[in-house]
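Working notes for the structure below.
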Amino acid sequence: MKSIKNFFCSIGRFFKDFGVAVVKGDIWVKLSLLIMGAGYFGRKQYVKGVLMTALQAVIIAFTVLFGLPYIGKFDTLGDVQRESVYDPALRKNVVNDYDHSFKILLFGLISIIVIIVAVVIWIRNVVSVRKLQVLAENGKHINTFREDVREFRNGKFHITLLSLPVSGIVCFTIVPLLVIILVAFTSYNKTHMPPAELFTWVGFDNFEKMFSSSLTTTFNYSFGKVLSWTLIWAVAATATTYIGGILLSMFLNNSKTKLPKMWRTFFVIAIAVPQFVSLLLVRNFFADMGIVNTICNNLGITDFLKEIGWVRSSLDHIPFLTDPTWAKFTIIIINIWVGVPYLMLIATGVLMNIPTDLTEAARIDGANGFQIFRKITMPYMLFVTGPYLVTQFVGNINNFNVIYLLTNDVYITLDQKLANSTATEVDLLVTWLFKLTQNDYNYNMASVIGIMVFIICAVFTLVAFNFMIKGDREEDFQ
Amino acid sequence: MKKKLLATLLAVALMATSLVGCGGKDDEGSKDSGNAGNTTNDGGSSDAGDTTPSGEKEDVALVMWGAEEHQTMLRTMADEFIAAYADQANITIDLGVQSEAGTKDTILTDPTAAADVFAFADDQINELVANKCLQPVVENTDAIIAANSAASIDAATVDGTLYAYPMTASNGYFMYYNKEYFTEEDVKTLDGMIAAAEAAGKQISMTVNDGWYLYSFFAGAGLTVGLEADGVTNYCTWNATDTAITGVDVANALLDICAKPGFAVLSDAEFATGVKDGSIIAGVNGTWNATTAQDAWGDNYAAVKLPTYTVAGQQAQMCSFAGFKLVGVSAYSEQPYWAMMLAEWITNETNQATRFDLTGEGPSNVNIAGTDKVLSAPAIAALASQASYATAQRVGGNYWSPAQTFGQNMADGNPNGEDLQTLLDTMVEGITAPVQ
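In the order they appear, the protein sequences are chains A and B. Position one of the first sequence corresponds to residue 22 (my numbering), numbered consecutively onward. Position one of the second sequence corresponds to residue 3 (my numbering), numbered consecutively onward.
Put into structure tokens, the structure is as follows:
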């Protein structure tokens, strides 16, 4: 709450400073409302004055020459469609002066960001020019350019250090993210692909479609199914690898285990093999005509499973990756195998750090192994690995590799309604999103799902961090 | 102070590397698009004028995409093209690898970065045309139409406009079998084939859980699927109840066939394995697996048109999708004239003959297709006799997933015991769903 209040206060202060500067400023300050360098010329900071004026000129030139044409079309994303006619005499295509919706979206957005940044700089410039005026009036020292530059190595070193990374984040993370979010509000899909076609704003239509089943005949149905499996998967995958990793590392740490280092190395090798290689291999092992099925057939396991009704009698194999229920179990079990080594490494480190006096005291008090595990080891583990657990959970919601590599081309859904939306029972939101965009070029709906996934992940992360790892629990372990 | 300097250096180095990384990518991108020769985009207006059709030799840089296994052959053809037109232009041709089955996906990701000339399977033509990625064929159109079979020209034509150059006519599917187990009488009906396979303790295979092959049964019963006028939405009558053979009849026939022990539903890879180990003695598949069968069966290898199957108490001839490979010119090519010349060159009579010799793919050129050499190839002959029951593949993207799931339901014997009419209705609803 406090931070929110602080945030608004600082915005208020920002504009108040500006107001004061404009009202109380002298001629130089007022002049710098028009020419940004003016205030510095007035205080004999010529280099700074030239730099600021040049910056202003560049921004204005950029806006007028580059930005305004795009911003002007930003509200419709263009209205002139591309037309190309072949001219046999020239042996060339004659193309009209058409609008490219995506470029308008992208460059329009960039231009708007530039203008916003320019306004902020402009306001701050007036404020700092006013500061110079106050300094001059009080007869205090005004920095030379050299001193200003030196400032960036001392007092304002954080600005020097952070300016590059921040501009990098803006260019490569924030702008693309904003573009993708904006796409969710457009009609950018298979039938509206620039440059041949235009797309335009559709407001919240895509979100409405998502929840009203009008995108495909069964979109809503599929979304519900996919979402529920995504959550079940995330919980199951996180819990199984977590518990499995802890148990494994406890076995390895046990004094009765022979050659613990060798066993540990074996499990680490599983990490060293690229995940997609092991997943594709395992997929072939568990295929309907794969080696595991051959072995099960020869051992009579398949017949046994048929007898107890776990496998349909019409099949001659165990549908490890081709039946909805079987596939879900197989995927989770394969994921244990893939994910446990990581957890084992982390748990080994944490377990070694549990103060032995705690466990010894418990043992003297008559606690058995399970009680020690439940009352000391697990709480300690949970406390230390809490943040990891949360990231792991969110990571599993978005666990593309395991699901896609194990089921793509292998799993065919029998649910005709899911098939109508190119979804399957084992699809996570991300893999479904991938199919929708990759196969159907449904960029706008993919963007909508992306936003939904983000919201789900954000909510879980916030809630989990707040409940699981409150900072004041540290003394429990001291 | 030193620490700060170090920190600054690190920050700068970090940024520099990330920027360099991106810069490299950018470079590549611009080079790509440069190669692909897209027209200027935001200026838009015609950039004609600086080159003239006659007079000085112009510099022409083209990019051509083809399948990986055809690169050497394409290089030779490209070099011959360069030599043939050396008096008119300084041509350079760069080759890129792009499987014919996936061309559409690569192009639609960024149409402006497409190669000037590319090969693709004919099922992709509608989407490519709907997204205006193909340059209509305007140079020597009549000669091209005259040189190639009517069916292949039909496959390359959308709304009366020829959009591509036919290259091969053997991309469809047919039945091939091991003569050791089947008589010529057996292979006329699917029932006969399955019975013969069962008698031998073997299996025949067809990938029923794939819309491409599933079509065979429904089309054979006179039910239709195809494209609406908009080029992307499907119409489909597979759930019809008022026809001589209804959708449910076909579904029941499929359930019967799939339930027989002599019939297997195998993927392409499993089919190839089965052929090699001898458990599969016949199958519906395309030329791409024919060599596997030829190697395994030797002189016993034979190919015929698809058999008839039993539906609603009568025999219906199984239909098929006719498959063609086409060569297209990008609508964004900067050198459309030369790109068209190159596309025509690699699909001309001589080069179709070369292609048949080197790859065994059946030519669409009528002169080459009529030669004894071509007609004596079993696969090509089988495709020729299937031709009257084959139609060009004209279905939109919404067809595949519902059809695949329906086929899987049939292959598994409708395990959830759903009402067949409901199943058909849902599938048709998915296939005909509007694309938006």
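For each residue, glycine too, the CB sits at the ideal point set by N, CA and C. Quantities reported herein were computed from a predicted structural model and do not represent experimental measurements.
| Item | Value |
| --- | --- |
| Starting from GLU60(B), trace the beta strand (DSSP E) in both directions and tell me its first and last residue. | 60-68 |
| Report yes if the CB atom of ALA381(B) is closer than 8 Å to the CB atom of ILE283(B), and no otherwise. | no |
| Residues of the segment 240-260 of chain B with a CB closer than 8 Å to any CB of chain A: list them in chain order, please. | none |
| So the candidates are LEU219(A), PRO90(A), ILE353(A) and ILE144(A); which of them puts its Cα closest to the Cα of THR262(A)? | ILE353(A) |
| Give me the Cα-Cα distance between LEU216(B) and ILE109(B), rounded to the nearest whole angstrom. | 28 Å |
| With distance defined between alpha-carbon atoms, name the residue in ASN417(A), TYR464(A), TYR462(A) and ASN463(A) nearest to ASP448(A). | ASN417(A) |
| List the residues of chain B that PRO109(A) touches, going by C-beta distances under 7 Å, in chain order. | VAL140 |
| Within 10 angstroms of the Cβ of ALA86(B), are there 16 or more other Cβ atoms? Answer buried if so, exposed if not. | exposed |
| In this structure, how does DSSP classify SER151(B) when only helix, strand and coil are distinguished? | coil |
| What are the start and end residues of the alpha helix (DSSP H) that includes GLY213(B)? | 213-222 |
| Look at the alpha carbon of ASN211(B) and the alpha carbon of CYS260(B), and state the distance between them as a whole number of angstroms. | 11 Å |
| State the CB to CB distance for the pair CYS135(B) and SER366(B), rounded to an integer number of angstroms; the pair is presumed to be in contact (CB under 8 Å). | Between SER366(B) and CYS135(B) the Cβ distance is about 21 Å, and since that is not below 8 Å, they are no contact. |
| For ALA103(B), which residues from the same chain have a beta carbon less than 7 Å from its beta carbon, with the 5 sequence-adjacent residues on both sides left out? | ALA123 |
| I'd like to know whether the C-beta atoms of LEU64(B) and TRP340(B) end up nearer to each other than 8 Å. | yes |
| For GLN102(A) versus TYR119(A), is the C-beta spacing smaller than 8 Å? | yes |
| From GLN413(A), ASN422(A), LEU454(A) and ASN463(A), pick the residue whose C-alpha is nearest to that of PHE486(A); which is it? | GLN413(A) |
| With a cut-off of 8 Å, do at least 3 Cβ pairs link the segment 463-480 of chain A to the segment 268-281 of chain A? | no |
| Quick one: list the residues of chain B neighbouring SER105(A), beta-carbon separation under 7 Å, in chain order. | ALA333 |
| Give me the DSSP bridge partner(s) of THR207(A). | TRP222(A) |
| Suppose you measure from the CA of ASN241(A) to the CA of PHE232(A); what does that come to, to the nearest Å? | 6 Å |
| Does the Cβ-Cβ distance between ASN287(B) and ASN180(B) come in under 8 Å? | no |
| On the CB-based measure, 16 or more other CB atoms within 10 Å of its CB, does SER390(B) come out buried or exposed? | exposed |
| Within the 8 Å Cβ cut-off, does ALA205(A) reach chain B? | no |
| Under 8 Å: do the segment 430-442 of chain A and the segment 399-415 of chain B share three or more Cβ pairs, one atom per stretch? | yes |
| Whole angstroms is fine: what's the gap from GLY415(B)'s alpha carbon to PHE273(B)'s? | 20 Å |
| Which two residues bound the contiguous alpha helix (DSSP H) that contains MET365(A)? | 345-374 |
| Roughly how many angstroms lie between the CA atoms of GLY58(A) and ALA217(A), to the nearest whole one? | 45 Å |
| Taking Cβ-Cβ distances shorter than 9 Å, what residues in chain B pair up with SER335(A)? | ALA261, ASP414, GLY415 and PRO417 |
| Looking only at C-alpha atoms, which of LYS23(A), SER442(A) and SER270(A) sits nearest to GLY245(A)? | SER442(A) |
| DSSP three-state call for CYS30(A): helix, strand or coil? | helix |
| Would you call PRO400(A) buried or exposed, if buried means 16 or more other Cβ atoms sit within 10 Å of its Cβ? | exposed |
| Flag this pair as yes or no: are the beta carbons of PHE176(B) and LEU385(B) separated by less than 8 Å? | yes |
| At a CB-CB cut-off below 7 Å, which residues of chain A make contact with ASN133(B)? | MET214 and ALA217 |
| Indicate whether at least one CB of chain A lies closer than 8 Å to the CB of MET1(B). | What the structure shows of chain B is the stretch from 3 to 438, and residue 1(B) is not part of that stretch, so it cannot be assessed. |
| Residues of chain B with a CB under 9 Å from the CB of ILE470(A): which are they? | None at all; the shortest Cβ gap to chain B is about 16 Å. |
| Looking at the structure shown, is ASP503(A) part of a helix, part of a strand, or coil, going by DSSP? | The shown model of chain A, from 22 to 499, leaves out residue 503(A), and the question about it has no answer. |
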